[in-house]
Structure formats: structure tokens, C-alpha cells
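Colleague:
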Amino acid sequence: MNYSALFLLLFACAAHADEVQVAVAANFAAPAKRIAAEFEQATGHKAQLSFGATGKFYAQIRNGAPFEVLLSADDATPARLEQDGAAVAGSRFTYAIGRLALWSARPGVVEAGGEVLKGGAFRHLALANPRLAPYGAAAVEVLTALKLHDTLRAKFVQGENIAQTHQFVASGSAELGFVALSQVFRDGRIAEGSGWVVPAELHAPIRQDAVLLEKGRGKAAAAAWLHFLRGDKARAVIAAYGYET
11 MNYSALFLLL
21 FACAAHADEV
31 QVAVAANFAA
41 PAKRIAAEFE
51 QATGHKAQLS
61 FGATGKFYAQ
71 IRNGAPFEVL
81 LSADDATPAR
91 LEQDGAAVAG
101 SRFTYAIGRL
111 ALWSARPGVV
121 EAGGEVLKGG
131 AFRHLALANP
141 RLAPYGAAAV
151 EVLTALKLHD
161 TLRAKFVQGE
171 NIAQTHQFVA
181 SGSAELGFVA
191 LSQVFRDGRI
201 AEGSGWVVPA
211 ELHAPIRQDA
221 VLLEKGRGKA
231 AAAAWLHFLR
241 GDKARAVIAA
251 YGYET
């Protein structure tokens, strides 16, 4: 291909470049930002990302929020949106399976097996609101399975979403807390502080589904984003943050 033809091809791609409005579960913020940068470079389309709690996104979408794609922290919310007629039937798929971690910003606080929970020698335990955030619901399941929920309940500090929960622990407002592994996982390990990767069998799988919303129906950028999310480049980013794909 000569330079003139290449220029015309690139010009045509740029002319058709568009923007997609994506609602992203708070736990997926870091990988979503990296994927969005690669997506723009590969396609010319731009992803405008909004981060928050899945439960709040559901309410906003049902009330007419302009999102075109939802990257949920669970599989139930996208299915519910399909049933409500707010999402395109058949567009839903699992883009990641999340992992939960018990984490402290300080080294030596959280040991293997999460034994610190049984000792109870801490004032505050952070977790996301289980009514709004699937990672919070998973944390409650873990504490119930360990028969510690009622014992530790008075120490709970609830974040509105998993991002706020992580901030409680990172700032020292809570000595430890249940966060998404992706928030503290880098280069194959928990990057700072101390943590315990919660065994998957202690809670229901955190299947995170993506879905095309009705406002994204027929939009090239929305379709391209969902296609890119299933590709090898995006999957490599997702795995690098500790998710299963």
C-alpha cells in the first residue's frame, strides 16, 4: 500500500471514529483505563469511562442515564437489565471473574489464611456495601463461612463501593479490609502492605458480565468496545490484574 492510500485509510477511520459511554464497576477501574487507551489506539474510537457501584449504575440506567455499555461487578445486574428491556438481549458475556483479597496497607498485619480475623485485634474492618457492591456481598459470604460475621459486625466500616473501601484501608482509616484483588495486585503478587487472597470456594464466583445497553444499540463504538474487550490484548490486561478470564 502506498503512502497516499494509507493516509486516505487512516483519514477514513478517523472520520468515523466515535465515542462510547461505558459504566464500569469500581473494582475494574485500573484495567479499564489501560484497555481504553489500547482501544483508542487500535480503533480510533474513544471510551468515556464512569466508575461506581454496580447497584447504583442499575438505578441510573433505569432512570435514563446515557450509558451505552455496562461492565458490571456481577452477572445478575446485566441479566436483570436484559429482562427490564434496558439492555440488548444476547449481548451479555463474562469479561472477568473477580477475586477477593483481605488487605492491609501495613506490612505484617494480614498473614496467610487470614488468621488476623480470628484474633480480632483491630478496630475497623472495611468492606463494600453488600446491597450495592458484589465484592461486599462476597465479603459477607466469607465472614459467614468462617463463622465470624456476627463477632466482627461491630467493627465494619462500609464503603459505598469497592473503590471507597480500598481508600479506607489505604488511608489507614481501617486497619484492614476486603478489597478486589485487582486493586492491590501487580506483577503476580500483592504489591504493597500485606494481604491474603481469599480462596474462591469461600464465596460464590464473582462473575463480572458486560452488556450492551439499549442506548448503545446500533452504535459502532459500543460494538467495537465489546469486541475489543473479548480480544487477546484486553484479556492480557485483565489477567495482569489478577482476574480470571
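In the working numbering, the protein residues as written are 11 to 255.
All residues carry an ideal CB built from backbone N, CA and C; glycine is no exception.
1) Distance check for residue 173 and residue 183, CA to CA, integer angstroms please.
2) Could you say which of 41, 70, 152, 78 lies nearest to residue 250 if we only look at CA atoms?
3) Does the contact criterion of 3 or more C-beta pairs under 8 angstroms hold for the region 207–214 versus the region 127–142?
4) What's the gap between the Cα of residue 114 and the Cα of residue 128?
5) Please go through the region 121–203 and give each complete beta strand (DSSP E) segment of 3 or more residues, from N-terminal end onward.
6) Three Cβ pairs or more, each shorter than 8 angstroms: is that satisfied between the region 240–254 and the region 185–197?
7) Any idea what DSSP makes of residue 238, helix, strand or coil?
8) Under three-state DSSP, which class holds residue 225?
9) So, are the CB atoms of residue 39 and residue 50 less than 9 angstroms apart?
10) Starting from residue 29, follow its DSSP beta bridges and name the residues at the other end.
11) In the structure shown, what three-state DSSP assignment does residue 111 receive?
12) So within the region 43–107, which uninterrupted alpha helix (DSSP H) runs reach at least 4 residues, ignoring any that extend past its ends?
Modeller: Taking the geometry as given:
1) 14 angstroms
2) 41
3) no
4) 15 angstroms
5) 135–138, 166–169, 186–190
6) yes
7) helix
8) helix
9) no
10) 56
11) strand
12) 64–72, 86–94
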